[in-house]
Amino acid sequence: MKNPFEFGRELGSEELVNRTEELGIVQRVIESGGKLFVIGPRRFGKTSLLRSAAERASGQGHIVLRYNAESYPEMGSLVGRIVEDSARLLQGKVEKKGEQIKRYFRSLRPDVSFAVTQNEWKVSLGVTPSEPAGATGLLVDALNGIEELAADQPEGRHVALIIDEFQEVLSGEGIDAEKQIRSAVQTHKHTAYIFAGSKTRMLTQLTTDPSRPFYRLGELLFVGMLPRPEFARFLIDNFVRGGFLPQTGAEEENRKLSHLILDLSEEVPFNVQMFAHTLWDHLSQIQVGAPERAYLNETLIRDTLDTIIRRNDPFYTQVWNGLTAIQKKALHAVIAEDGERLQSLKVVKTFGVSPSSMRKSLESLTNRDVLRQVESTGSVRFCFEDPFFAHWIDTFTF
Ligand SMILES: Nc1ncnc2c1ncn2[C@@H]1O[C@H](COP(=O)(O)OP(=O)(O)O)[C@@H](O)[C@H]1O
Ligand SMILES: [Mg+2]
Numbered sequence: 011m012k013n014p015f016e017f018g019r020e021l022g023s024e025e026l027v028n029r030t031e032e033l034g035i036v037q038r039v040i041e042s043g044g045k046l047f048v049i050g051p052r053r054f055g056k057t058s059l060l061r062s063a064a065e066r067a068s069g070q071g072h073i074v075l076r077y078n079a080e081s082y083p084e085m086g087s088l089v090g091r092i093v094e095d096s097a098r099l100l101q102g103k104v105e106k107k108g109e110q111i112k113r114y115f116r117s118l119r120p121d122v123s124f125a126v127t128q129n130e131w132k133v134s135l136g137v138t139p140s141e142p143a144g145a146t147g148l149l150v151d152a153l154n155g156i157e158e159l160a161a162d163q164p165e166g167r168h169v170a171l172i173i174d175e176f177q178e179v180l181s182g183e184g185i186d187a188e189k190q191i192r193s194a195v196q197t198h199k200h201t202a203y204i205f206a207g208s209k210t211r212m213l214t215q216l217t218t219d220p221s222r223p224f225y226r227l228g229e230l231l232f233v234g235m236l237p238r239p240e241f242a243r244f245l246i247d248n249f250v251r252g253g254f255l256p257q258t259g260a261e262e263e264n265r266k267l268s269h270l271i272l273d274l275s276e277e278v279p280f281n282v283q284m285f286a287h288t289l290w291d292h293l294s295q296i297q298v299g300a301p302e303r304a305y306l307n308e309t310l311i312r313d314t315l316d317t318i319i320r321r322n323d324p325f326y327t328q329v330w331n332g333l334t335a336i337q338k339k340a341l342h343a344v345i346a347e348d349g350e351r352l353q354s355l356k357v358v359k360t361f362g363v364s365p366s367s368m369r370k371s372l373e374s375l376t377n378r379d380v381l382r383q384v385e386s387t388g389s390v391r392f393c394f395e396d397p398f399f400a401h402w403i404d405t406f407t408f
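Heads up: the sequence shown runs through residues 11 to 408, numbered per the numbering used here.
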């Protein structure tokens, strides 16, 4: 039986645990030409959610343009791709499509051709990001082109632009870029916009601070933890299906084991899936030699955690060695104090770091995606983006 636990790739809607409400929201936005910001930490399933929604919408005949801004080192290549994909997704004859694309995106002066042998559109832009309007100007021209394309579609055929890790588009561009993008997006009535990102604090500020251009530009959707009982159910059902957990008579024990996996992975969906995937592989190996022992149990779960952190040891060592002494102490404090009250006198004294260095370290570790902040009412907690890294630190550096 194939390992049912998948991590590190975009999941489709059939594979997602929960997220039905979120999918519904994204779909509604696509079909109503709305604007939506999807905000959530890395590894929680934003990209999978967007992919699932995009697949469904494309399946219903809508035009969905979806990009990860991190994959495009410069705006020219992103905008080029947008124009190419637009040509591909339009309906009609090749010549007509070429003309339409040139007209919609005329301010980009695109050279558009169709390579019959590769069955592919090739686009080169007649403008570059270094010209006066800059990178943002290029993007805004593309957005205006998409809006013209969208307005030209038959009734019921919607057009959506999804940009994942959207903060990359803004980085280094300043408030003028935000203003330019806003003034385009807010006048567009035909295109749905979905901007997503992992820099939760930055994106929350961007969209909720009244002095920023993006204030109230669209709805907000936070992608957080999956409901624990449902995630536990998903784990149990799959291990039962594989014959690694008893189907009946052990409900309480099964629940306990699934909760241990969730706890050790801090319920981060990517980590839970990676954990379960590795466990499944272990169980399958055991099954070959000693089928009577191929049952999930606590010892095997703990051994699996050990395997995972050892497997990632070269990577974790490298990250760890790249940190300053104070940053290392800050990470020790996060583990020992469960991420809370890290600038309190007691903590600062125990770890021998001044409150201001502690604050700076936590900030830089957050910017480097080692830590993330969880804000709940009244208090701030720091936790590891990768909970297995915390286990590694705990095992090898204390
Ligand atoms: N709803 C979900 N159900 C089960 N696993 C999920 C879910 N969302 C995410 N995952 C797991 O997390 C991994 C990373 O998801 P991804 O969509 O890339 O997250 P993000 O874009 O937020 O970083 C997936 O490959 C999958 O293993
Ligand atoms: Mg992602």
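Each residue gets a CB set at the ideal place from its N, CA and C atoms; glycine is no exception.
Taking 7 Å as the cut-off, one finds at least one heavy atom of ligand 2 near enough to the beta carbon of Lys56.
Look at Phe406 here: in three-state DSSP terms it is helix.
At a Cβ-Cβ threshold of 8 Å, Phe124 and Ala152 do not count as neighbours.
DSSP places Ala260 outside any beta strand (DSSP E), giving it a letter other than H or E. For Ala64, the closest alpha carbon among the candidates Ile173, Thr210 and Met212 is that of Ile173. Counting only the Cα atoms, Ile345 lies some 16 Å from Arg369. The alpha helix (DSSP H) runs lying completely inside the region 209-278 and spanning 4 residues or more are 210-218, 238-251 and 261-274, given in chain order.
Per DSSP, Asp121 is not a residue of any alpha helix (DSSP H); the beta strand (DSSP E) it occupies stretches across Asp121 to Ala125. By the Cβ test, the region 136-146 is not in contact with the region 34-49, since fewer than three Cβ pairs between them sit closer than 8 Å. Per DSSP, the unbroken beta strand (DSSP E) holding Glu130 starts and ends at Glu130 to Ser134. Per DSSP, the continuous alpha helix (DSSP H) segment holding Val358 begins and ends at Leu355 to Phe361. The DSSP-derived three-state label of Ala79 is helix. Secondary structure at Thr317: helix, using DSSP grouped into helix, strand and coil. Between His168 and the set Arg91, Gln196, Arg378 and Ser68, the nearest pair of CA atoms involves Ser68. Segment contact: the region 250-268 against the region 293-307, three or more CB-CB distances shorter than 8 Å; contact assigned. Taken from the Cβ of Asp174, at least one heavy atom of ligand 2 lies inside 7 Å.
Taking 8 Å as the upper bound for CB-CB distance, His287 and Asn28 are not in contact here, some 19 Å apart.
Within the region 38-115, the complete beta strand (DSSP E) segments of 3 residues or longer fall at 45-49 and 73-78, listed in chain order. Taken in chain order, the unbroken stretches of beta strand (DSSP E) that lie wholly in the region 357-396 and span 3 residues or more are 381-386 and 389-394. For Leu341, the enclosing alpha helix (DSSP H) covers residues Ala335 to Ala346.
When secondary structure is reduced to three states using DSSP, Leu171 falls in the strand class.
For the pair Pro120 and Val133, the CB atoms are nearer than the 8 Å cut-off. Annotation: the continuous beta strand (DSSP E) that includes Tyr203 extends over Thr201 to Gly207. DSSP places Glu350 within a strand segment (E or B) once states are collapsed to three.
In this structure, Gly228 is the residue among Arg320, Pro324 and Gly228 with its C-alpha nearest to the C-alpha of Val48. Per DSSP, Leu149 is one residue of the alpha helix (DSSP H) stretching across Gly144 to Ala161. Fewer than three pairs of CB atoms, one per stretch, sit closer than 8 Å, so the region 198-206 makes no contact with the region 84-101. Nearest neighbour of Ser81 by Cα position, chosen from Phe224, Leu118 and Glu175, turns out to be Glu175. For Leu231, the shortest C-beta to heavy atom distance toward ligand 1 is 7 Å or greater. Ranking Asp247, Gly259, Val233 and Ala260 by CA distance to the CA of Leu33 puts Val233 first. If you ignore the 5 residues before and after Gly108, its C-beta comes within less than 6 Å of the C-beta of Val122, all in its own chain and listed in chain order. Per DSSP, the continuous alpha helix (DSSP H) segment holding Lys189 begins and ends at Gly184 to Thr197. Take Lys199, set aside five residues on each side of it, and the residues of its chain with a beta-carbon closer than 7 Å to its own are Gly43, in chain order. Taken from the Cβ of Glu94, every heavy atom of ligand 1 lies 7 Å or farther away.
Straight-line measurement puts the Cα of Asp313 at about 16 Å from the Cα of His269.
Excluding sequence positions up to five before and after Gln163, its CB lies within less than 8 Å of the CB of Ile73, Val169 and His200, all in the same chain and listed in chain order.
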